[in-house]
Amino acid sequence: MVGSSEYKVLGPTRTEDMAPQYTGCHAHSTETFCMAPDGEEVQILIEESPEEETEEPHHDDDDHGPTPQDCHFHAGVEHCVGGEEESTCQRSDRDYNVPLRIGLLFVILITSAIGVFAPIFVTSFTRLTERSTIFVTLKQFGTGVVISTAFIHLFTHAQLMFANECLGELDYEGTTAAVFMAGLMLSFLVDYLGARFILWRQGRKHVPGADQEHIGQNGESKMASETPNGSETVTHSDDRGSHVHVHGKADEQVSVAVLEAGIIFHSLLIGLTLVVAGDSFFLTLFAVILFHQMFEGIALGTCIAGLPSTVPLLREMIMALVFALITPLGMAIGIGVLDQFNGNDKSTLIAIGTLDALSAGILAWVGIVEMLARDWMHGSLLNAPLAKTLIAGAALVAGLILMSALGKWA
């Protein structure tokens with residue numbers, strides 16, 4: 001016994017008693033030796049107590065288990081980051097409060113209707129015109145919303161769909177960008193063919209004597225031709241040649257129709273994928289989608305309200321009504337497939353990813369070319385007063401920021 005520790009002495013079997021005390025203990029490599037009273041060096045082994053023998057190693061990581069993942073929903077597909085839990089591609093059984101979803105369907109309907117109909121009613125039944133500061137502010141806010149929706153929401157969601165491990169590795173890594181370009185070129189083609197059709201129709205319905213030629217200060221000749229349908233073709237001629245701009249209700253209706261088509265594509269998906277999110281995240285996602293629908297409604301409503309007065313009010317109302325109904329329709333479809341929907345199914349991922357990327361291309365074209373460039377480079381904001389320009393710019397940035405912030409959750 002040395003102190004409070006017990007030791008075992010290794011050596012030949014002896015008949016006499018063991019020495020009561022050993023001194024001069026020292027180590028050789030991993031072994032311990034001490035000196036007996038007679039000067040003999042003996043090996044000493046430390047004998048563990050019963051408590052030490054039975055004690056097992058303690059690992060904090062084993063007690064707590066795998067680190068949980070941070071999961072949220074994008075387009076109805078659960079997207080998880082971090083953690084050590086294994087992901088599965090099988091359908092997950094979730095809790096769905098169906099009566100709550102049915103009730104909130106009507107909340108989405110009312111919110112969408114308020115957003116899209118408000119600008120139309122304001123310009124139709126008040127003295128507020130599309131050149132007023134309030135209307136310009138709303139329109140530029142809507143422009144920011146459309147551009148942000150294209151890139152932050154739709155393009156990003158499409159990338160997440162195509163990068164999902166349940167889909168496997170794609171043979172072509174640029175799939176998302178390729179589908180995006182297809183949507184962009186499709187929008188351009190519709191706009192271009194629409195403009196060509198307008199010019200062709202104007203040529204057939206040209207009214208003799210309706211041409212008016214103006215000579216500018218720099219010797220530039222401008223020929224304006226008006227047609228019975230209210231459209232106008234403006235031809236600019238100078239020493240460098242001539243170019244044509246098509247203005248009027250037909251051209252603007254084509255642009256608004258393309259915008260609405262892009263919005264309708266993804267609004268249907270929004271409604272479908274909102275209701276298939278589990279109850280644990282449904283209310284958070286619903287609140288985000290509520291603001292999303294309000295902002296997009298304002299964006300589309302200001303574009304519809306900005307159509308020429310020759311467009312019948314009934315037609316504007318129908319265009320707005322389609323937007324108001326499309327997301328609730330998607331929600332109704334989603335409620336019907338709650339028991340079968342699997343967001344990680346390959347066909348589902350491909351379908352959602354393709355439609356999101358296609359819609360992103362459409363809205364990118366409309367937001368940047370038809371809304372941003374038209375208003376700022378060719379419209380009233382090109383030479384607007386400084387105060388009005390600053391207000392419009394602030395509204396544009398506000399739309400970009402607010403809609404981009406919503407992309408954190410939806």
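When we follow UniProt numbering, the leftmost residue of the sequence shown carries the number 1, and every step to the right adds one. All C-beta atoms, glycine included, are put in the ideal place defined by N, C-alpha and C.
Counting along the chain, where does the beta strand (DSSP E) carrying residue i start and finish?
i	result
Met331	It is not in any beta strand (DSSP E) - Met331 instead sits in the alpha helix (DSSP H) that spans 313-336.
Phe33	31-35
Taking the alpha-carbon positions, what's the residue i to residue j distance?
i	j	result
Gln202	Lys346	49 Å
Glu226	Arg196	Legend: pLDDT at Glu226 = 49, less than 50; position of this residue unreliable, value from coordinates given subsequently. Roughly 16 Å between the two C-alpha positions.
Gln163	Phe125	According to the sequence as given, residue 163 is Ala; it is not Gln. Spanning the two alpha carbons is a distance of roughly 49 Å.
Ile108	Ile264	15 Å
Met317	Val369	25 Å
Gly361	Trp376	21 Å
Val275	Ser92	14 Å
Thr30	Gln43	11 Å
Met319	Gly306	13 Å
Asn97	Tyr192	47 Å
Leu372	Thr143	7 Å
Asp279	Leu100	10 Å
Ile350	Asn342	12 Å
Thr32	His26	6 Å
Phe337	Leu406	According to the sequence as given, residue 337 is Val; it is not Phe. If you take the alpha carbons of Val337 and Leu406, they lie about 26 Å apart.
Leu259	Arg374	14 Å
residue 445	Asn344	Past the edges of the chain, shown from 1 to 410, lies residue 445, and the structure says nothing about it.
Thr129	Ile270	32 Å
Ile401	Thr156	16 Å
Tyr172	Ser187	24 Å
Excluding the 5 residues flanking residue i on each side, which residues of the same chain have their C-beta closer than 7 Å to its C-beta?
i	result
Thr284	Trp409
Thr389	Leu381
Thr137	Ile391, Ala392, Ala395
Leu104	Phe286
Met35	Tyr22, Thr23, Gly24, Glu41
Leu313	Ser124
Ile304	Ile120, Val256, Glu316, Met319, Ala320
Asp95	Gly278, Asp279
Go through its chain and collect everything with a Cβ distance to residue i's Cβ below 8 Å, but skip five positions before and after it.
i	result
Glu53	Bear in mind that the predicted position of Glu53 carries a pLDDT of just 48, short of 50, making it unreliable; the figure below should be weighed with that in mind. None.
Arg240	With a pLDDT of only 48 at Arg240, under 50, the local geometry of the prediction cannot be trusted, and the value read off the model is given with reservation. Answer for Arg240: no residue qualifies.
Phe106	Pro328
Val322	Glu260, Ile264
Near residue i, what residues of its chain come up, given a Cβ to Cβ distance below 6 Å and the 5 sequence neighbours on each side ignored?
i	result
Thr111	Leu290, Gln293, Met294
Gln340	none
Ser267	Ile326, Thr327
Gly334	Leu272, Val275, Val276
Leu358	Val179, Gly183
Gln140	Ala392, Ala395, Leu396
For the ligand HEM, is there a heavy atom less than 7 Å away from the beta-carbon of residue i?
i	result
Leu338	Of the ligands one can find in the structure shown there are none, so the ligand HEM has no counterpart to examine.
Just to confirm, are residue i and residue j a CB contact at a threshold of 8 Å?
i	j	result
Gly301	Ile120	yes
Val146	Val288	no
Gly115	Gly297	yes
Leu381	Ala392	yes
Met331	Ile152	no
Asp356	Leu154	yes
Ala150	Leu363	yes
Val190	Val122	no
Ala299	Ala113	no
Gly174	Asp251	no
Got a sec, what are the start and stop residues for the alpha helix (DSSP H) residue i sits in?
i	result
Met377	374-377
Gly301	279-305
Gly388	The identity of residue 388 in the sequence shown is Lys, whereas the question assumes Gly. From DSSP, the alpha helix (DSSP H) with Lys388 extends over 386-406.
Gln365	Correcting the residue type first, residue 365 is Trp in the shown sequence and not Gln. Start and end: 346-365.
**Study point:** Segments of 4+ residues assigned as alpha helix (DSSP H) that fall wholly inside the segment 112-176
**Key:** 133-148, 156-162
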